[in-house]
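4 protein chains.
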Amino acid sequence: MQRTGVWFIGAHGCVATCAAVGAMAFARGLLGGTGMVSEHSDFAALGLAPVGGFIFGGHEVAKTGLGPALKKTQESTGLLPDELILRLAKPLDLFGREVKRGYAVSGGRARSNAASVVGRLRRDIESFRRRNRLERVVVVNVASAEPAWEGIPGLAEAGRTADGIRRIVRGRGGRGLPPSMLYAIAAMESGCAYINFTSSLGASLPGMDELAREHGVPHAGRDGKTGETLVKTALAPMFTARRLRVLSWEGHNLLGNSDGATLRDERVKRAKTANKDAALRSIIRDDAMHSAVRIDYVPSLADWKTAWDFIHFEGFLGARMAMQFIWQGCDSALAAPLVLDLVRFADLALRRGESGPMPHLACFFKDPVGTDVHDFQAQYGMLRAYVR
Amino acid sequence: MQRTGVWFIGAHGCVATCAAVGAMAFARGLLGGTGMVSEHSDFAALGLAPVGGFIFGGHEVAKTGLGPALKKTQESTGLLPDELILRLAKPLDLFGREVKRGYAVSGGRARSNAASVVGRLRRDIESFRRRNRLERVVVVNVASAEPAWEGIPGLAEAGRTADGIRRIVRGRGGRGLPPSMLYAIAAMESGCAYINFTSSLGASLPGMDELAREHGVPHAGRDGKTGETLVKTALAPMFTARRLRVLSWEGHNLLGNSDGATLRDERVKRAKTANKDAALRSIIRDDAMHSAVRIDYVPSLADWKTAWDFIHFEGFLGARMAMQFIWQGCDSALAAPLVLDLVRFADLALRRGESGPMPHLACFFKDPVGTDVHDFQAQYGMLRAYVR
Amino acid sequence: MQRTGVWFIGAHGCVATCAAVGAMAFARGLLGGTGMVSEHSDFAALGLAPVGGFIFGGHEVAKTGLGPALKKTQESTGLLPDELILRLAKPLDLFGREVKRGYAVSGGRARSNAASVVGRLRRDIESFRRRNRLERVVVVNVASAEPAWEGIPGLAEAGRTADGIRRIVRGRGGRGLPPSMLYAIAAMESGCAYINFTSSLGASLPGMDELAREHGVPHAGRDGKTGETLVKTALAPMFTARRLRVLSWEGHNLLGNSDGATLRDERVKRAKTANKDAALRSIIRDDAMHSAVRIDYVPSLADWKTAWDFIHFEGFLGARMAMQFIWQGCDSALAAPLVLDLVRFADLALRRGESGPMPHLACFFKDPVGTDVHDFQAQYGMLRAYVR
Amino acid sequence: MQRTGVWFIGAHGCVATCAAVGAMAFARGLLGGTGMVSEHSDFAALGLAPVGGFIFGGHEVAKTGLGPALKKTQESTGLLPDELILRLAKPLDLFGREVKRGYAVSGGRARSNAASVVGRLRRDIESFRRRNRLERVVVVNVASAEPAWEGIPGLAEAGRTADGIRRIVRGRGGRGLPPSMLYAIAAMESGCAYINFTSSLGASLPGMDELAREHGVPHAGRDGKTGETLVKTALAPMFTARRLRVLSWEGHNLLGNSDGATLRDERVKRAKTANKDAALRSIIRDDAMHSAVRIDYVPSLADWKTAWDFIHFEGFLGARMAMQFIWQGCDSALAAPLVLDLVRFADLALRRGESGPMPHLACFFKDPVGTDVHDFQAQYGMLRAYVR
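Okay, structure coming up:
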């Protein structure tokens, strides 16, 4: 059997633990596959890798082990009861042993130079691959969101080409590079597919597309479309198809997980809300529309996000009308199956020898690489078209 | 210039008055075309008839004139201020003169035989056409909803063929036929296109398709998809695409217009809620899903419907999540531009010599004739495909 | 130590099991007393009986034991995890042994005569008291709701006096009496305080007040005010104090517990919604106000009720405004602590030798006996006044 | 007849225009008194001044006349149709003539010294009184909100006494004083009652109480409690009375009037949200509670505020539950009748010779002077107690 490895950046986080536990439980028939897009009959003929065959590992900056991480996920989500964890003790133990020390910038200032960091990350991934005799590895970033990268001097310029990126990594500017980008480089240079499920920079600069092609690996991202933005991009096309004029679309997100906590950093918040708002504005192309996205940290909600969207719109005869929606979802339960889907589709692309951005995976992301399509149904159509 | 006539069944109702006033105001530049689908650039090349050229008339059972009807619409909607009505005095006067006495069953029992009713209705429509030298006429049912027809003896059987329908109209069973069906027959036999914007029977039986083809006229219906059901059919495909399992979808509609008042009749309510629920169930094909639609009459809301939908769903790892939406819309402001769109598309079909059901207009209806597609985006795709 | 017994009618239901487990867990320091009104410092000086000293027993018509009942409550509420139940094994075992076969009318028709039923129920309660050497017993009805009683011939008349009630119990009409009334009679005749936490008839007829006084016992009821009606009666006085005119107040309740299932019986639903609506109308005394209460059974919600209230109101200059609220609560978690509060207050009244209705407990009920006050804050003021 | 003058600070704003038009229309029987608390039968015996006898005037910084101001209010609220304005042409003309040039700080820096500003404002108010032979005048601040005052050097210290205030007004620090405070001083020194309906500083410093007493005038404030905070302070006591533990209470306000526009200034927003949050925290005294108030400017809403509050709470057995409410109200229609109420109660206090803060008017304010009571029902009880 050809084995596929899944390497998480943020291996002890809620999304990674839910994805790993869910895959193991599903493979053993303990839980169903609700929420996994790739289980849809539309994709049955593709021969996607069974999630039961995945070998899990990853980088993690937190120093506690996998056990405490699973407990923390249970506290935040209520989805990983002791009974379930006990029954998966063996595969979880294997996963736990494959988690290596991650790379983070403490206090906004890197201590090591970028090239040596990339080298170290590569060694971790490659030894994971060798040790487990894996045919293919998919690296997935599910770590906490980083601040917006726009302020990093020279990066926009250098990021245009693979050469530029290599140069900045080797040079003095490398210390300022976001960890997510170093992880992406390490993944690609190790011949792994790379998925950015966060709003961090990752592989979003054009030069990374080139780098991916050079190494013959596919990549996709960024920022998983799991809840409020998903609804937004499913609903907004209805307003445009009906030519109802959206005057204002205000979204308020409340959440209390570590993702929420990092959002107290205004620069992280800006990166996140920008993606959410851009998705909407690409569908409703009306400069007069007022729109805003708020994200607030509400600790008691833990991983259960509550979002309220208020949509004020105008119809015939100048009628002013309103629609509101309230979304109450468990972020990790929404994200985890999509992460497994992405691994399967990325694994397929690796097998097929496809490289560079995978725009057909746009329906999974708030800010998809390789395409400007945000309309959810249109994106889903792109996935089905790729399959055929 | 080739002129198109618009014949309303329910000419004094909120929808008809808003459609007529809106068309006149739009043609004179007093108001924009927000909410009119046919004004979308996608349809620019079709050469649809300009709404400014429409001549309006219709049947109406209420005996007060158009003036009081406009006042009543203003009270219910707030969208037809005196100032606007004054500026449209002349075309409204022409419309008012073309409103003829409608046909209704009082106390559930017809006094005339069906064939003579159809004859009378035809004479009204045909003299309207001659008097105004109209090239084409589109008959649109925007009257109050009728009770569900299922209990009418022999109708399901007779309704299978055009011959069966002609037989029952001429016979004793004709007295029991719903007025909406007699109107539809009269329209078709007069060579008019027919649109059923209500939940009444109209042209929904298979034999009516045959009748339409015999007379070379197109028809479409039924039950305009203007608000809560529109949102339902735009959102439900998102849940299925994400393989999120909908456990319960409960919809509550509050409204206070005459449509709401007729809904106090449990048989009318049943007809209406059945359409709303069927649309949902055709998208989410899960027998275990619980769903219900409530419609309650709340007089103070007048024509401003408020609907609350509660969607309980399950995701990965058994997570139970919820989405709710609240829709606050003016029914007539939502319906009126769609009525004008339908007239334009029906007029085009007449010009092109198309006859029978128009499934490409499915996106306008809760229970579309000629197709089982309820997914709003898929329906809109059908309209764009027809256009190309 | 003087011991107090708590006798549940419906001992295996969600409310009884949550109340018993909660009391046991609170007494052992395993859980806090959140939601227990009687733990408020306002009541500290009263010397209320500690819930840790309560001895539990009751009647139950379901034939499965307490163990399966606890499992079922856990499934519906998620509040009684195995770990907690294990730690309370001993007191729960004692409770389980004190549950006796309850009395129900199957198929709407009693098989036994009423006097002998009352006799049997009394024997169960009295032997519970003797066996456990209890000073005082409080009987609490937390069984499923019964249909509205208004159709029972002769009951309104007979129910006016204690004598009338005794007469109907002994006579042939006794077979038609609602079980909840027979339980109430048995409780009072056994010298127990009686609490009706349901919308069933119980002790609501005037003659029952007399009966209570004759036996020197206090009683209170009916229909616990736990969620939507609580909010209604807290909010409605704000509208009257501000002289904002409520045009419509529509309430929709979705729930999936056994209480919800019985509500599919239209007569049960009528009893329940009547209480909810009457509370509102007694505060907003405006005949022109439209109001309605809907209760629908949505199985997936189990014990977690979701309610949506829509309030349409008029202000100065004729402005039409709206308020909506959504309540998502676990019915049993809301009811259980109030049941413990009521037991403590009824126990205090027994100790003080008070008999008849306890209007100072109005804040706990949708349809309080002995008072017409529904304004929640005014009711709470009555409780504090009683204490002083 | 003894005549009462009403002097608005912000005479052309939505609140002032709605209050004046509403009073005139109510006096002439053109509109009802819905929303006016003082029309409640509880207050009938007090002999409050009829609003029909009020003479209106005020200060205004905008230079357009009253006519355009009324049009602007109509655009924002839809509550002052031309027809109504026409019928009130005469009294509105009198009002318009009594509007004088207001005082504002442009660019955050006063050009005149404070003592001369106070002198000029006094002369305007006093000549209004003489010209109209008014017995009593009530000055009401309904101008746009000012930034939080906390940063003004020396003000906290000087504001402790009337002497301190006089000293700072005369000295160099006077240039930095908020206009609202100078208006309040002018009102008191002119022997007028003073009402601060805004979140600006006004008469909130302790020395202003002394000043009011020295001049024998009553005052009240601050920040009218019209919508979301009203609901908050009516609902929060329900949670405390039930001992339900509020974990988080998040409020989001969307509005599009000039008040909303000024809130884009972060310092103004801070002043406003602080009042809203403090009211809640004074009722729910739990330091662990998370709470936040957001106010966002959404132009399309104009004067129609939409607020969403999310309340996360814990009950018995650790159950986590939620309540949400949505408030959709016209700010001016809610504020205007309360302004008239406050004028009537202040006028009564003037007649009775009462001076200093009026804590019995707490129910009208988010941050009441002279009391710490925020519980709405308790505040309303204080008003009724004052009346008796």
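Residue numbers (the numbering used here), protein chains in the order written: chain P, 1 to 388; chain F, 1001 to 1388; chain Z, 2001 to 2388; chain C, 3001 to 3388. Just so you know, even glycine gets a beta-carbon here, dropped at the ideal spot from N, CA and C.
In the displayed model, V2021 of chain Z falls within a helix according to three-state DSSP. Contact annotation: in the stretch 1031-1044 of chain F, residues whose CB is within less than 7 Å of a CB in chain P are L1031, T1034, G1035, M1036, V1037, E1039, H1040.
Beta-bridge pairing by DSSP links H1252 of chain F to F:R1294, F:W1308. Spatial neighbours of Y3380 of chain C in its own chain (CB-CB distance under 6 Å, excluding positions within 5 residues in sequence) are listed in chain order as C3363. If you keep only unbroken beta strand (DSSP E) runs of at least 3 residues inside the stretch 2130-2209 of chain Z, you get 2136-2141, 2193-2196. Look at the stretch 3287-3307 of chain C: the residues with a C-beta under 7 Å from a C-beta of chain P are H3290, A3292, R3294, D3296, V3298, P3299, S3300, L3301, T3306. Close partners of Q1074 of chain F in chain Z (Cβ separation under 8 Å) are lacking, with about 15 Å as the shortest Cβ gap. Per DSSP, the continuous alpha helix (DSSP H) segment holding F1345 of chain F begins and ends at 1331-1352. Here DSSP, grouped into helix, strand and coil, assigns V1006 of chain F to strand. Look at I284 of chain P here: in three-state DSSP terms it is coil, with no helix or strand label. Here the stretch 30-49 of chain P makes no contact with the stretch 354-361 of chain P; the two share fewer than three CB pairs at distances below 8 Å.
Annotated three-state conformation of F1054 of chain F is coil, per DSSP. Taking the Cα positions, R2242 of chain Z is about 17 Å away from V2231 of chain Z.
Under the Cβ criterion (8 Å, minimum of three pairs), the stretch 3268-3279 of chain C counts as touching the stretch 3136-3150 of chain C.
Among the residues facing chain F, Y380 of chain P is included, as its CB has a counterpart in that chain under 8 Å away. Interface criterion not met: the Cβ of C1192 of chain F is under 8 Å from no Cβ in chain P. Counting the other Cβ atoms within 10 Å of the Cβ of K2090 of chain Z gives fewer than 16, which makes it exposed. Distance from the CA atom of K3272 of chain C to the CA atom of R2388 of chain Z, rounded to whole angstroms, is 39 Å. Here V3142 of chain C really is in contact with I3009 of chain C; their C-beta atoms are around 7 Å apart, less than 8 Å.
Considering only Z:L2084, Z:C2192, Z:A2288, the residue with the shortest C-alpha distance to R2213 of chain Z is Z:C2192.
For S3282 of chain C, the closest of C:R3222, C:T3233, C:D3223 by C-alpha to C-alpha distance is C:T3233.
Linking R166 of chain P to H219 of chain P through their CA atoms gives a straight-line distance of about 18 Å.
Around E3266 of chain C, no beta-carbon contact reaches into chain P at under 8 Å, the shortest distance being about 13 Å.
T2064 of chain Z and G2032 of chain Z have their alpha carbons spaced roughly 30 Å apart. Taking the Cα positions, V2137 of chain Z is about 54 Å away from A23 of chain P. With respect to the C-alpha of R2285 of chain Z, the residue from Z:L2254, Z:P2299, Z:L2244, Z:D2347 having the closest C-alpha is Z:L2244. DSSP lists P:I9, P:K100 as the bridge partner or partners of H59 of chain P.
Inclusion of T4 of chain P and L134 of chain P in the CB contact set at 8 Å is warranted, their separation being smaller than that value. Annotation: Cβ neighbours of R3245 of chain C in chain Z (cutoff 9 Å, chain order): G2032, T2034, G2035. When C-beta distances to chain C are compared with 9 Å, the residues of the stretch 222-249 of chain P below that value are L247, S248, in chain order. A distance below 8 Å separates the beta carbons of A1333 of chain F and G1035 of chain F. Residues of the same chain with a CB within less than 6 Å of the CB of D1287 of chain F, apart from the 5 flanking positions on each side, do not exist. For chain C, the residues of the stretch 2322-2349 of chain Z that bring a beta carbon within less than 7 Å of one of its beta carbons are A2322, M2323, Q2324, F2325, I2326, W2327, Q2328, G2329, C2330, A2333, L2334, A2336, P2337, in chain order. Between the alpha carbons of R1170 of chain F and I1125 of chain F lies a gap of roughly 20 Å. For H1012 of chain F, no chain Z residue has a Cβ inside 7 Å of its Cβ, as the nearest lies near 24 Å away. 8 Å or more divides the Cβ of A3020 of chain C from the Cβ of D3347 of chain C.
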